[in-house]
Every structure is written in C-alpha cells, then in structure tokens.
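Straight run, no breaks: the sequence shown in my numbering ends on number 67. All residues carry an ideal CB built from backbone N, CA and C; glycine is no exception. What you are looking at is a predicted structure, and each value in this text was computed from that prediction instead of being measured.
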Amino acid sequence: MVPPPAPAQQQCRRKEDPLLEVLNTLLVDVASLRHEISELAALRPHLDEHIKQEGLFQKRS
C-alpha cells in the first residue's frame, strides 16, 4: 500500500491541477450544505408542532 502524500505535497498538487482545486471546493461546499441541512432537520419537529398548534388556534378563533 502506498502511503498518502505529505500535506505540503498535497497542497502543491492541488495548485497544479485545477480539477483537484474544483473538487476540493465542491467537497467543502457539500460539507457546508450538509451541516445546514442537519441544522434545519433538527428544527423540523418544533416546526411541525408549531404548525399543529397554530391550526388548533385558528380553528378556535
């Protein structure tokens, strides 16, 4: 098994290969979106409960 390149060598490769730079940018963006989706998903149960309570309130009014 070949050991991974040293971090300095990886940085150099990334600068030399524009496709690696694009891939890295996409991976960072995907990670950011995944984090945002996780935060929104955590809010979902509270939102569902709020909508349910608002519906009951509207029926009473």
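Inter-residue Cα distance where the pair is GLU45 and PRO51:
12 Å
Return the CA-CA distance between GLU27 and ALA47, expressed in angstroms with no decimal places.
30 Å
Helix or strand or just coil, what does DSSP make of SER44?
helix
Compute the Euclidean distance between the alpha carbons of ARG40 and GLN59, then round it to the nearest angstrom.
29 Å
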